[in-house]
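In the numbering used here, the protein residues as written are 61 to 134.
Ideal placement from N, C-alpha and C gives every residue a C-beta, glycine not left out.
For reference, the structure is listed below as structure tokens.
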């Protein structure tokens, strides 16, 4: 079992994975259509999107925490 101290990082990785799968699939389908070679095009766009999403999630998380603390009550 994975230690609880990694739960936040695992959450961000899983969210980045899920969002990347959905968004790369939608954008690929809109731009190129769902026809021959869709899964290959989707896979290639997913790899790029996932790497960007991971970097964005870990980079923006501290900023988002500060903003959430400012707009929520204690």
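Under the DSSP assignment, residue 63 falls outside any alpha helix (DSSP H); it carries neither an H nor an E label. Residue state for residue 85 is assigned as helix, using DSSP reduced to three classes.
With a contact defined as Cβ atoms closer than 8 Å, residue 113 and residue 67 miss out at about 18 Å. Taken through DSSP and simplified to helix, strand or coil, residue 92 comes out as helix. The three-state reading of DSSP puts residue 78 in helix, counting H, G and I together. Within the same chain, and ignoring the five residues on either side of residue 110 in sequence, the residues whose Cβ sits closer than 7 Å to its Cβ are 76, 77, 80.
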